[in-house]
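First up is the structure itself, then whatever we jot down about it.
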Amino acid sequence: MAGGKETPRQRMIGMMYLVLTALLALQVSNQILQKFILINDGLERTSKNYIQKNQFSVNIISSTVEQQGNNPLDVPKVAAAEEIRAKSADLYRYLEEAKTAVIEQSNAINDEGNFKTSALKNTDIPGNIFNNNRLGYEMQERLNAFPEELTQMLADLNIQLSFEKIAKDASEIDLFKNDVDVNYKDYVNLNYVKSPIGAVLAIISQHQNEVLNIESEALTAITNSLGSFIFEADNLKARIAANSNVVAAGTTFEAEMFLASSSSSTELKMTADGREVPVEGGFGKIEFPVAPASNYDDRGLAPRTLSGEITVPIGGQDSVFNIEYEYFVAQPVIKVSSEVVNQLYAECANDLVIEVPALGNSYAPEFSVSGGQAIKGSRPSDVTIIPVASGTVNIGVSSGGNRIGTVDYDIKPVPAPTIRPFTGDTQIDLQNPVAASSLTNLQIRAIPEPTFGRTMSRDANFEVTGGEVRLVRNDVPRESVNITGQNVAVRNLLAQAQSGDKLVVIAREVTRTNFRGNKIKSTVNEVYPISIR
Numbered sequence: 002m003a004g005g006k007e008t009p010r011q012r013m014i015g016m017m018y019l020v021l022t023a024l025l026a027l028q029v030s031n032q033i034l035q036k037f038i039l040i041n042d043g044l045e046r047t048s049k050n051y052i053q054k055n056q057f058s059v060n061i062i063s064s065t066v067e068q069q070g071n072n073p074l075d076v077p078k079v080a081a082a083e084e085i086r087a088k089s090a091d092l093y094r095y096l097e098e099a100k101t102a103v104i105e106q107s108n109a110i111n112d113e114g115n116f117k118t119s120a121l122k123n124t125d126i127p128g129n130i131f132n133n134n135r136l137g138y139e140m141q142e143r144l145n146a147f148p149e150e151l152t153q154m155l156a157d158l159n160i161q162l163s164f165e166k167i168a169k170d171a172s173e174i175d176l177f178k179n180d181v182d183v184n185y186k187d188y189v190n191l192n193y194v195k196s197p198i199g200a201v202l203a204i205i206s207q208h209q210n211e212v213l214n215i216e217s218e219a220l221t222a223i224t225n226s227l228g229s230f231i232f233e234a235d236n237l238k239a240r241i242a243a244n245s246n247v248v249a250a251g252t253t254f255e256a257e258m259f260l261a262s263s264s265s266s267t268e269l270k271m272t273a274d275g276r277e278v279p280v281e282g283g284f285g286k287i288e289f290p291v292a293p294a295s296n297y298d299d300r301g302l303a304p305r306t307l308s309g310e311i312t313v314p315i316g317g318q319d320s321v322f323n324i325e326y327e328y329f330v331a332q333p334v335i336k337v338s339s340e341v342v343n344q345l346y347a348e349c350a351n352d353l354v355i356e357v358p359a360l361g362n363s364y365a366p367e368f369s370v371s372g373g374q375a376i377k378g379s380r381p382s383d384v385t386i387i388p389v390a391s392g393t394v395n396i397g398v399s400s401g402g403n404r405i406g407t408v409d410y411d412i413k414p415v416p417a418p419t420i421r422p423f424t425g426d427t428q429i430d431l432q433n434p435v436a437a438s439s440l441t442n443l444q445i446r447a448i449p450e451p452t453f454g455r456t457m458s459r460d461a462n463f464e465v466t467g468g469e470v471r472l473v474r475n476d477v478p479r480e481s482v483n484i485t486g487q488n489v490a491v492r493n494l495l496a497q498a499q500s501g502d503k504l505v506v507i508a509r510e511v512t513r514t515n516f517r518g519n520k521i522k523s524t525v526n527e528v529y530p531i532s533i534r
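In terms of my numbering, the numbers along the sequence shown are unbroken and rise by one, the last being 534.
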């Protein structure tokens, strides 16, 4: 590109262009056409980074000239830098419009926003747009005028730096100039005639990169020509700035590694979003709680921008450097784990695990309950909820003083147990007579509903505590004993019993002992006749 020794970035850009143009001579497959789109995407991302970098360079030139007292020799360089940025932006937009024309005329993108493979193969539309309609020749003229204009602008500032043409004919490219099958082609026929859509988009994106690279070199030359100030950087730290610290398997990890420097002898002042940032050894430490966003996208993310200022005393005056950093707030989704997660049982110990995976190790939960009470468990995410008798339980979840959200549950009444008579551990078959001798160990048991008994074992302790057992002969009651617990003393009744008599079990009260040891009584009315043989 520029005169003198090329940088690795310049050599890479030149090689990329040669690869793109060389591939046009091949009969490419669908996979290669798709690779062109991937290359185009990568070039467009690089362009966005270039634009930010170049705008930052313009800002640095302007602020540096101002901070150094607006030296008359340097003041014109501010206007030149801004004009270079404007020219580059205008040419970049012009190339972007050319890509848009190619995409629209070829109908290359489907309703889902993805490129159609069939459209990427189209070789007629590029030839019509760039050759027949002469857009390619106009583009070549504008592309090659840009480096000439920047060379002259730098010369007017007494900066000696020149740039090569961007849009070259085949005879001007080393790879093709000795190839008789290609070297006769001009820029348009070399790049666009009989070229597939995918390759054409990548070539134009490559030109955008070249425009921005030339701009970058010009701005760097202007920056280097400015008067300087001394900033003794005696603190160095190695840093890695990644696009994301969460990377899915199979994707690419992207980051920048750099050396950050600061001065321990210079008193720096830093703010982030208007809040003062503590500075140690010339480096600021930003730390603040992130408030929930009002709107999240379909990925559960909300964009935020952190605006910072670094104030540096230069030449007896404070100079302010502005910086912006874009980040995303992830929607904290509350995850509840429990065997009874859909409904909570009234006045019972419902054990829940309430987590917010997005908060990771910073999760420090606090729970507030409406319609019940909460008891913290052994782990931060463990909580036991004891609902009131009926209605709804609202559990508010907060972390580090920030409210995350709420989870709501209906309160489910404790299911009534099933009452059954037993002899020892054997349930009595009420359909068949029972020998009187086997009834000496009569038990009246209250059996919890299976799901409740399994999931709420601390609250599923039932006992029949009220009722009676009658000895009945020919439908006439003769004697009875009270039921006060599971075991019933019926020996006196059995001593009077005859074949054909019945023991009639009447259950009137069931007592449940909850997890706290409290006795909760409920009324029942169930009758079980046991025939004696």
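All C-beta atoms in this analysis are idealised placements derived from N, C-alpha and C, irrespective of residue type, glycine included.
For the set 93, 82, 459, 430, the Cα lying nearest the Cα of residue 223 is the one of 82. In the same chain as residue 419, and ignoring 5 residues on each side of it, the C-beta atoms closer than 7 Å to its own belong to 448, in chain order. Per DSSP, residue 389 lies in no beta strand (DSSP E) and is assigned neither H nor E.
With a cutoff of 8 Å on beta-carbon distance, residue 73 and residue 123 are scored as not near each other. Using a Cβ distance threshold of 8 Å, residue 184 and residue 171 count as a contacting pair. In the DSSP assignment, residue 448 forms a beta bridge with 419. Counting along the chain, the unbroken beta strand (DSSP E) around residue 377 starts and ends at 373-377. Under the DSSP assignment, residue 364 falls outside any alpha helix (DSSP H); it carries neither an H nor an E label.
Taken through DSSP and simplified to helix, strand or coil, residue 212 comes out as helix. Taking a 10 Å sphere around the C-beta of residue 328, we find fewer than 16 other C-beta atoms and assign the residue as exposed. Taking all protein chains shown into account, residue 169 has 16 or more neighbouring C-beta atoms within 10 Å of its C-beta and is therefore buried.
Straight-line spacing of the CA atoms in residue 65 and residue 312 works out to 13 Å. Distances from the alpha-carbon of residue 50 to those of 217, 405, 162 put 217 closest. Residues 79 of the same chain have their beta carbon placed closer than 6 Å to that of residue 63, with the five preceding and five following residues left out of the count.
Residue pairing from DSSP places residue 276 in a beta bridge opposite 273.
In this chain, the beta strand (DSSP E) harbouring residue 504 covers 503-514.
Sequence-distant partners of residue 305 (beyond 5 residues in either direction) whose C-beta falls short of 6 Å from its own C-beta, in its chain, are 328, 330.
By DSSP's assignment, residue 149 forms no beta bridge with any residue. Between residue 358 and residue 336, the CB-CB gap stays under 8 Å. In the three-state DSSP reduction, residue 75 falls in the coil class, being neither helix nor strand.
Residue 290: not part of any beta strand (DSSP E); DSSP gives it neither H nor E. A direct Cα-Cα distance of roughly 42 Å separates residue 100 from residue 271.
Beta-bridge annotation (DSSP): residue 40 is not paired with any residue.
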